[in-house]
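Counting from 130, one number per residue, gives the positions in the sequence shown under my numbering. The next block holds one structure in the form of structure tokens; read it before the comments.
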Amino acid sequence: MTMVRANGIELHVQRLDPAAGGPRHGPTAVLLHGMASDTMASWFFTMAEPLVRAGYPAVLQDLRGHGRSERPAAGYDLDHFVDDLAALLDGLAVTGPVLLFGNSFGGTIAFGYAARHPERVAGIVAVESAPPIPEWMRRVRVRLDRVADRLPRAGALAEIGARRGAVAARRAADTGRLLSDTSIAEELPASRLPTTGDLAAIDCPVLCLYGGESAVGELAPAVCQLLPQTRVVVLPGQRHSVLIDQPRAVRRHVFAWLAEHFGSDAAQPATPRQRDTQEVPDGHDDHRSVDHHQQRPVRLDAAVRPHP
Numbered sequence: 130m131t132m133v134r135a136n137g138i139e140l141h142v143q144r145l146d147p148a149a150g151g152p153r154h155g156p157t158a159v160l161l162h163g164m165a166s167d168t169m170a171s172w173f174f175t176m177a178e179p180l181v182r183a184g185y186p187a188v189l190q191d192l193r194g195h196g197r198s199e200r201p202a203a204g205y206d207l208d209h210f211v212d213d214l215a216a217l218l219d220g221l222a223v224t225g226p227v228l229l230f231g232n233s234f235g236g237t238i239a240f241g242y243a244a245r246h247p248e249r250v251a252g253i254v255a256v257e258s259a260p261p262i263p264e265w266m267r268r269v270r271v272r273l274d275r276v277a278d279r280l281p282r283a284g285a286l287a288e289i290g291a292r293r294g295a296v297a298a299r300r301a302a303d304t305g306r307l308l309s310d311t312s313i314a315e316e317l318p319a320s321r322l323p324t325t326g327d328l329a330a331i332d333c334p335v336l337c338l339y340g341g342e343s344a345v346g347e348l349a350p351a352v353c354q355l356l357p358q359t360r361v362v363v364l365p366g367q368r369h370s371v372l373i374d375q376p377r378a379v380r381r382h383v384f385a386w387l388a389e390h391f392g393s394d395a396a397q398p399a400t401p402r403q404r405d406t407q408e409v410p411d412g413h414d415d416h417r418s419v420d421h422h423q424q425r426p427v428r429l430d431a432a433v434r435p436h437p
């Protein structure tokens, strides 16, 4: 476990470098998880190893208040999360443009960072996410309010455990502690947002992936209007947890996009035998892909070298 002090708090960080003698394609991939029940594990077990195998150094972190990172009582608006990321990259001496990967609100942090530091971002991959625009932040408020109302109810955790298993119940319990111990439910929806002009000035390539059954995908037209270079991928039948539920399909689209924009074709995941893909031009892409194979979590081995 590596703890790094950044922006006045201790952040849990994992840094991975390509193996000596292996491919190295340059931009460091920075992977940001979602809010409340998520941690760096969602990226560690789905995307980190394939990226490093393909030659991309990787940095993962538990966001403030999450996982093993410090949990201050306050400081949970978007600016704090963006400041944390900026301070962390400086502290780790990560130079040059980075590839930002964000799951759910992690993608929003990525867009917020890119709006503030466009010259430091080579590309953005956002899964079930959107830039910090008013409608997305309204939905974040509704979701946080709903969870804050539901979790304290008698039997709520037992119900979650019965329906979704013990791991989901433990995550829900930690979410409840986060909401009760901090001001995140009040601060995050009230965040100061970047101007439309600052967001529109993001000129790097953008890939957005959505589950076909998730309401977050309704924001895709607004994302494309704001950032017309965006490629949108919709995975039919999938919900908000598409990164965890369909990691192979997500990887396939991510590596195709990386190959197009960064010339990397190494370590692409095997293409599933059964799939149905339909593509339309960038800016309005609806790459519909069905992956019928269950993917087990990846593990680190000798091909991936943890950074000291």
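Built from N, CA and C at the ideal position, the CB exists for glycine as well. The structure displayed is predicted, hence computed values, not measured ones.
Original post:
What's the gap between the Cα of Ser258 and the Cα of His246?
Top reply: 19 Å
Subject >> DSSP three-state assignment for Leu273, whether helix, strand or coil >> reply: helix
Subject >> Of the residues Ala158, Phe234, Val227, Tyr185, the one placed nearest Leu192, counting alpha carbons only >> reply: Phe234
Original post:
Is Val211 closer than 7 Å to Leu229 when the C-beta atoms are compared?
Top reply: no
Original post:
Where Pro318 and Glu139 are concerned, what is the direct C-alpha to C-alpha distance, given to the nearest angstrom?
Top reply: 24 Å
**OP:** Could you tell me which residues DSSP pairs with Val250 in its beta bridges?
**Re:** Val227
Original post:
Do the CB positions of Tyr205 and Ile289 come within less than 7 Å of each other?
Top reply: no
Original post:
Are the beta-carbon atoms of Thr175 and Leu372 separated by less than 7 Å?
Top reply: yes
Subject >> Classification of Ser309 by the beta-carbon crowding that lies within 10 angstroms, buried from 16 upward >> reply: exposed
Original post:
Which residues in the same chain as Gly151 place their Cβ atom closer than 6 Å to its Cβ, once the five residues preceding and following it in sequence are excluded?
Top reply: none
Subject >> beta strand (DSSP E) segment containing Gln143, residue limits >> reply: 138-147
Original post:
For Pro365, which option in Asp374, Pro357, Thr359, Gln358 has the closest C-alpha, if you only look at C-alpha atoms?
Top reply: Asp374
**OP:** Give a yes or no on whether the C-beta atoms belonging to Val142 and Gln190 are separated by under 7 Å.
**Re:** yes
Subject >> Segments of 4+ residues assigned as alpha helix (DSSP H) that fall wholly inside the stretch 143-201 >> reply: 178-182
Subject >> C-alpha gap between Leu328 and Val345, whole angstroms >> reply: 19 Å
Original post:
Cα separation between Ala388 and His209?
Top reply: 33 Å
Original post:
If we ignore side chains and look at the alpha-carbon of each, how far apart do Gln354 and Pro323 end up?
Top reply: 16 Å
Original post:
What residue does the alpha helix (DSSP H) around Gly290 start on, and which one ends it?
Top reply: 285-293
Original post:
So the alpha helix (DSSP H) Asp134 belongs to, where does it begin and stop?
Top reply: According to the sequence provided, residue 134 is Arg. The question's Asp does not apply to it. First-last for Arg134: 131-135, but that is the beta strand (DSSP E), not the alpha helix (DSSP H).
**OP:** Work out the CA separation of Val363 and Asp405 for me, nearest whole Å.
**Re:** Confidence at Asp405 is low in this model, with a pLDDT of 33, below 50, so its placement is unreliable and no value can be given for it.
Subject >> Where Arg347 falls, given that 16 or more other Cβ within 10 Å makes a residue buried >> reply: In the sequence as presented, Arg is not what sits at residue 347; that position holds Glu. Classification of Glu347: exposed, given that the 10 Å Cβ count is below 16.
**OP:** Would you decide whether Arg381 is buried or exposed? Buried here means 16 or more other CB atoms lie within 10 Å of its CB.
**Re:** buried
Subject >> Val271 burial status per 10 Å Cβ neighbour count (16 or more: buried) >> reply: exposed
Subject >> Whole-angstrom distance between Ala135 and Asp213, CA atom to CA atom >> reply: 6 Å
Original post:
Which of the three DSSP states, helix, strand or coil, is assigned to Asp219?
Top reply: helix
Subject >> Which residues DSSP lists as bridging Val256, in chain order >> reply: Asn232, Leu338
Original post:
DSSP on Pro410, reduced to helix/strand/coil?
Top reply: Residue placement at Pro410 cannot be trusted, given a pLDDT of 28 that sits under 50; what the coordinates show is reported in the next sentence. Coil.
Subject >> Alpha carbon of Ala291 to alpha carbon of Ala301, nearest angstrom >> reply: 13 Å
**OP:** Give the range of the alpha helix (DSSP H) segment to which Arg380 is assigned.
**Re:** 376-391
**OP:** Could you tell me if Glu248 is buried or exposed, where buried requires 16 or more neighbouring beta carbons within 10 angstroms of its beta carbon?
**Re:** exposed
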